[in-house]
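Here the structure is laid out as structure tokens; the discussion comes afterwards.
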Amino acid sequence: MVEWTDFERATIKDIFSKIDAGAVGAAAISRCLIVYPWTQRYFGSFGNLYNAAAITSNPKVAAHGKVVMSGLEAAVKNMDDIKNTYKDLSVLHSEKLHVDPDNFKLLADCLSIVVAAQLGSAFTGDVQAAFQKFLAVVVSSLGRQYH
Amino acid sequence: MLSKKEKGLIKEIWERLSPVAEDIGSEALLRMFASYPGTKTYFSHLDISPGSSHLHSHGKKIVLAIAEGAKDISQLTVTLAPLQTLHAYQLRIDPTNFKLLSHCMLVTLACYLGEEFTPVAHAAMDKYLSAFAAVLAEKYR
Numbered sequence: 054m055v056e057w058t059d060f061e062r063a064t065i066k067d068i069f070s071k072i073d074a075g076a077v078g079a080a081a082i083s084r085c086l087i088v089y090p091w092t093q094r095y096f097g098s099f100g101n102l103y104n105a106a107a108i109t110s111n112p113k114v115a116a117h118g119k120v121v122m123s124g125l126e127a128a129v130k131n132m133d134d135i136k137n138t139y140k141d142l143s144v145l146h147s148e149k150l151h152v153d154p155d156n157f158k159l160l161a162d163c164l165s166i167v168v169a170a171q172l173g174s175a176f177t178g179d180v181q182a183a184f185q186k187f188l189a190v191v192v193s194s195l196g197r198q199y200h
Numbered sequence: 535m536l537s538k539k540e541k542g543l544i545k546e547i548w549e550r551l552s553p554v555a556e557d558i559g560s561e562a563l564l565r566m567f568a569s570y571p572g573t574k575t576y577f578s579h580l581d582i583s584p585g586s587s588h589l590h591s592h593g594k595k596i597v598l599a600i601a602e603g604a605k606d607i608s609q610l611t612v613t614l615a616p617l618q619t620l621h622a623y624q625l626r627i628d629p630t631n632f633k634l635l636s637h638c639m640l641v642t643l644a645c646y647l648g649e650e651f652t653p654v655a656h657a658a659m660d661k662y663l664s665a666f667a668a669v670l671a672e673k674y675r
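Heads up: the protein sequence lines correspond to chains A and B, in order.
Under the numbering used here, the letters of the first sequence match residues 54 to 200, in that order.
Under the numbering used here, the letters of the second sequence match residues 535 to 675, in that order.
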């Protein structure tokens with residue numbers, strides 16, 4: 054079981070209360086598709102991903118950002134059992150979507166950067182560490198049902 | 535592969551941040567130590583507490599080297615030759631750690647530049663820092 058300090062719990066809840074979830078989700082997915090273009094392989098049905106401008110304004114990308122953020126919000130609500138909360142999502146990503154789990158880390162890194170840009174100096178080293186620990190647990194849970 | 539436009543963008547960003555090299559560098563290091571405690575093992579001989587002179591001078595050194603490389607990215611191997619030797623034969627930092635510092639450098643830039651750290655700038659910077667790290671590790675074996 055993951056041990057969370059009071060600081061970590063408070064920090065995660067605080068971040069999610071402060072950020073514009075829709076904007077963060079869309080921005081993080083866009084960044085992932087732009088910074089790590091090979092991730093586009095999973096989004097063949099999204100239409101125009103030819104350049105950064107196209108990706109940033111693509112409505113399917115934005116919609117997917119919302120999907121990802123609601124997944125994260127579920128984890129925030131169940132911080133003490135993310136593993137089980139994500140069991141079906143993990144099976145989905147493995148069996149149906151066939152996503153290489155290394156990609157989860159790429160999206161997590163983009164999320165850190167987007168949140169950093171939004172929160173500025175409030176995103177201190179300790180806040181970053183707590184956020185990244187949370188994302189690491191989410192990433193690990195997503196990869197758990199792969200075999 | 536960095537395009538001409540990306541090289542220009544990277545050069546411009548580091549030129550602008552060179553005056554605050556110490557702040558950027560020490561912040562990136564502190565973020566790395568907080569998120570990846572294993573990295574602290576390379577600094578047992580220094581005082582890396584927030585605000586320490588060791589942390590600041592070391593952070594400054596790193597950022598100025600990155601900024602120097604950015605002035606002419608096509609000459610990275612030449613510019614970094616002495617640092618390549620230093621890292622390979624003396625420091626021997628495991629290269630996976632370069633990725634960790636690069637990530638924290640990107641987070642620091644995002645905090646500093648906010649909206650200005652666009653996805654295009656982020657992509658260019660990530661590519662540059664990866665290239666920098668790869669060149670740094672070239673003499674390892």
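Even for Gly, the Cβ is constructed at its ideal location relative to N, Cα and C.
Remember, predicted model here, so these are calculated numbers, not experimental data.
- Chain-ordered residues of the stretch 92-126 of chain A with a beta carbon less than 8 Å from chain B: ALA105, ILE108 and THR109
- Should TYR623/B be labelled buried (16 or more other beta-carbon atoms within 10 Å of its own) or exposed? exposed
- Query: Hey, would you say CYS163/A sits closer than 8 Å to ARG94/A, going by beta carbons?
  - Reply: no
- Query: Thinking C-alpha only, which one of ARG675/B, THR630/B and GLY648/B is nearest LEU663/B?
  - Reply: THR630/B
- Closest Cα partner of ALA63/A within the set LEU188/A, ALA183/A and HIS200/A: ALA183/A
- Can you give the Cα-Cα distance for ASP67/A and GLU540/B, rounded to whole angstroms? 36 Å
- Query: chain B beta carbons: is any one of them nearer than 8 Å to that of SER147/A?
  - Reply: no
- Using a Cβ cut-off of 8 Å, pull out every chain A residue sitting near GLU649/B, in sequence order please. ALA170
- Query: Of the residues that make up the stretch 155-184 of chain A, which ones have a beta carbon closer than 7 Å to any beta carbon in chain B?
  - Reply: ASP162, SER165, ILE166, ALA169, ALA170, GLY173, SER174, PHE176, GLY178, ASP179, GLN181 and ALA182
- Is the beta carbon of VAL167/A less than 8 Å from the beta carbon of VAL77/A? yes
- Message: According to DSSP, simplified to helix, strand and coil, what is VAL152/A?
- Response: coil
- Range covered by the alpha helix (DSSP H) that runs through TRP548/B: 538-551
- Task: Determine whether the Cβ of ILE72/A lies closer than 8 Å to any Cβ atom of chain B.
- Result: no
- C-beta atoms of LEU536/B and ILE600/B nearer than 8 Å: no
- Message: Is the separation between the beta-carbon of LYS140/A and that of GLY75/A shorter than 8 Å?
- Response: no
- Item | Beta-carbon neighbours of ALA657/B, restricted to chain A and to distances below 7 Å | ILE87 and VAL88
- Task: For the stretch 563-582 of chain B, enumerate the residues whose C-beta is nearer than 7 Å to any C-beta of chain A, in chain order.
- Result: LEU564, ARG565, ALA568 and SER569
- Task: Thinking ALA655/B and ILE547/B are a contact (beta carbons under 8 Å), I'd like their distance in whole angstroms, please.
- Result: 7 Å
- Task: Go through its chain and collect everything with a Cβ distance to ALA105/A's Cβ below 7 Å, but skip five positions before and after it.
- Result: ILE87
- Please determine if the stretch 643-651 of chain B and the stretch 585-595 of chain B are in contact, where contact requires at least 3 C-beta pairs separated by less than 8 Å. no
- Message: Under 8 Å, Cβ to Cβ, is there at least one residue of chain A near HIS637/B?
- Response: yes
- Between which two residues does the alpha helix (DSSP H) harbouring PHE187/A extend? 178-196
- Item | Euclidean distance between Cα positions of ASP206/A and SER147/A | Examination of residue 206/A is not possible in this model, given that chain A is present from 54 through 200 alone.
- Message: For THR573/B and LYS186/A, I'd like the C-alpha separation in whole angstroms.
- Response: 16 Å
- First and last residue of the uninterrupted alpha helix (DSSP H) at ALA615/B: 615-619
- Task: Mind reading off the beta-carbon distance from ILE65/A to VAL129/A? Whole number of angstroms is fine, and I expect it under 8 Å.
- Result: 6 Å
- Determine the burial state of HIS530/B: buried for a count of at least 16 other Cβ atoms within 10 Å of its Cβ, exposed for fewer. Since the first residue of chain B shown is 535 and the last is 675, residue 530/B is not available in this structure.
- Query: Which residues in the same chain have their Cβ closer than 7 Å to the Cβ of LEU635/B, if we skip the five residues on either side of it in sequence?
  - Reply: ALA562 and MET566
- Which ranges does the alpha helix (DSSP H) cover as unbroken runs of at least 4 residues, wholly within the stretch 587-647 of chain B, from first to last along the chain? 587-605, 610-613, 615-619 and 630-647
- For VAL554/B, go through chain A and note every residue whose CB falls closer than 8 Å to its CB, in chain order. Residues of chain A passing the Cβ test: none, with the nearest at roughly 14 Å.
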